[in-house]
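Chains Z and D supply the protein sequences, listed in that same order. For the first sequence, position 111 (counting from the first letter as 1) is numbered 111 according to the numbering used here, and the numbering increases by one without interruption. All you need for the numbering used here is the position in the second sequence, starting with 1, plus 1000.
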Amino acid sequence: DQQVKQNSPSLSVQEGRISILNCDYTNSMFDYFLWYKKYPAEGPTFLISISSIKDKNEDGRFTVFLNKSAKHLSLHIVPSQPGDSAVYFCAALYRNAGNMLTFGGGTRLMVKP
Amino acid sequence: DAGVIQSPRHEVTEMGQEVTLRCKPISGHDYLFWYRQTMMRGLELLIYFNNNVPIDDSGMPEDRFSAKMPNASFSTLKIQPSEPRDSAVYFCASRITSVYTDTQYFGPGTRLTVL
């Protein structure tokens, strides 16, 4: 049973436009969410996170939105750049139940010049 | 800081051989995690340590897999004997206990191919 799902395996966006990556989760106990970016032959790199007490967190071109009632989070990249082309993973954890991150399957973002 | 260091970056071995993957966490981090990434199962946690003590190894697939952390700066993941289905990318990650963040920092991974 996948507790964290990224239903879009890939996304293609034009440079300068907005990229929206989506993630759904089923475990209502999750209280901390993270987005990681992964380039080929490299490990995942932390991008941005959000606690369940917030509904939005922004860092430069990256904004994460959390809708707890819908158990949905999204990552917005504005404006998208070709260097953003990578695989994006969302991850979730329940802080009181240890430190185990549960990852989604990833979405491959391609930003076209 | 150099980040999480893993070695080797690539390993090709034959079925039945012993494989040892190595990890050096970020200095000062008190948690260490071993993950495996495959096409079929994505990124899955195998085991994690806190202050060198294994806390949860429920993700370790079989007794053929074992992990140790003899000190705060070194951990190994061993597969003995290896099988072709163990072929995957193995990541090590570390984090520090903090009330402000739960971010884990990943190493570059070891790509294991078992022939």
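Backbone N, C-alpha and C fix where the C-beta goes; we use that ideal spot for every residue, glycine too. Everything numeric in this text was worked out from a predicted model, so none of it was measured.
Given 8 angstroms, three or more beta-carbon pairs between the segment 85-92 of chain Z and the segment 20-36 of chain Z: The segment 85-92 of chain Z makes contact with the segment 20-36 of chain Z; the number of CB pairs closer than 8 angstroms reaches 3 or more.
Measuring only from the beta carbon, is G1109 of chain D closer than 7 angstroms to any heavy atom that is part of the ligand NAP? Summarising the ligand content, the structure contains no ligands, and the ligand NAP is consequently not present.
Within the continuous beta strand (DSSP E) that includes R108 of chain Z, where are the two ends? First-last of the beta strand (DSSP E) with R108 of chain Z: 107-112.
Beta-carbon neighbours of Y1090 of chain D, restricted to chain Z and to distances below 7 angstroms: The contact set of Y1090 of chain D on chain Z, defined by CB atoms closer than 7 angstroms, is empty, because the minimum CB distance reaches about 10 angstroms.
Just verifying my parser: in three-state terms, what is the DSSP assignment at D1057 of chain D? In the structure shown, D1057 of chain D sits in coil (DSSP, three-state: anything other than H, G, I, E or B).
Output needed for T1097 of chain D: all residues of its chain with C-beta closer than 6 angstroms, excluding positions within five of it in sequence on either side, in chain order. Excluding residues within five positions, the ones whose Cβ falls inside 6 angstroms are D1030.
Measure the C-alpha to C-alpha separation of R108 of chain Z and S1094 of chain D and round it to an integer number of angstroms. Approximately 25 angstroms between the Cα atoms of the pair.
Between which two residues does the beta strand (DSSP E) containing G942 of chain D stretch? Any question about residue 942 of chain D goes unanswered here, given that chain D covers just 1001 to 1115.
Which stretch, first to last residue, makes up the beta strand (DSSP E) that contains L73 of chain Z? In the DSSP annotation of this structure, the continuous segment of the beta strand (DSSP E) that includes L73 of chain Z starts and ends at 72-77.
Chain D residues whose Cβ lies nearer than 7 angstroms to that of F46 of chain Z: Neighbours of F46 of chain Z on chain D, chain order: T1103, Y1105.
List the whole-angstrom C-beta distance separating G1059 of chain D from I1026 of chain D, where the pair is believed to meet the contact cut-off of C-beta under 8 angstroms. In fact, because the Cβ distance is near 22 angstroms, the residues do not count as touching under 8 angstroms.
Based on the DSSP secondary-structure assignment, which residues constitute the bridge partners of L93 of chain Z? Residue pairing by DSSP places L93 of chain Z opposite Z:Y32 in a beta bridge.
In chain Z, which residues lie with their C-beta within 8 angstroms of the C-beta of P1108 of chain D? Here the neighbours are A41, E42, G43.
Short of 7 angstroms Cβ to Cβ, which residues in the segment 1034-1047 of chain D face chain Z? The segment 1034-1047 of chain D vs chain Z, Cβ under 7 angstroms: G1042, L1043, L1045.
Beta-carbon proximity of S1082 of chain D to T1013 of chain D, cut-off 8 angstroms: Remark: C-beta atoms of S1082 of chain D and T1013 of chain D approach each other more closely than 8 angstroms.
Taking the alpha-carbon positions, what's the Y94 of chain Z to R1064 of chain D distance? Their backbone Cα atoms lie some 29 angstroms apart in a straight line.
For R1085 of chain D, which three-state DSSP category applies? In the structure shown, R1085 of chain D adopts helical secondary structure according to DSSP, grouped into three states.
Counting only beta-carbon atoms, is G105 of chain Z nearer than 8 angstroms to chain D? Yes, G105 of chain Z lies at the interface with chain D (some Cβ there is under 8 angstroms from its Cβ).
Determine the direct distance from the alpha carbon of L11 of chain Z to that of L1043 of chain D, and round the result to whole angstroms. Straight-line Cα distance between these residues: approximately 20 angstroms.
Stretch pair the segment 12-24 of chain Z + the segment 41-53 of chain Z: three plus CB contacts closer than 8 angstroms: As far as the Cβ criterion goes, the segment 12-24 of chain Z does not touch the segment 41-53 of chain Z, which means the pair count is below three.
Local Cβ density within 10 Å of D1102 of chain D, reported as buried at 16 or more and exposed below that: With 16 or more other Cβ atoms within 10 Å, it is buried.
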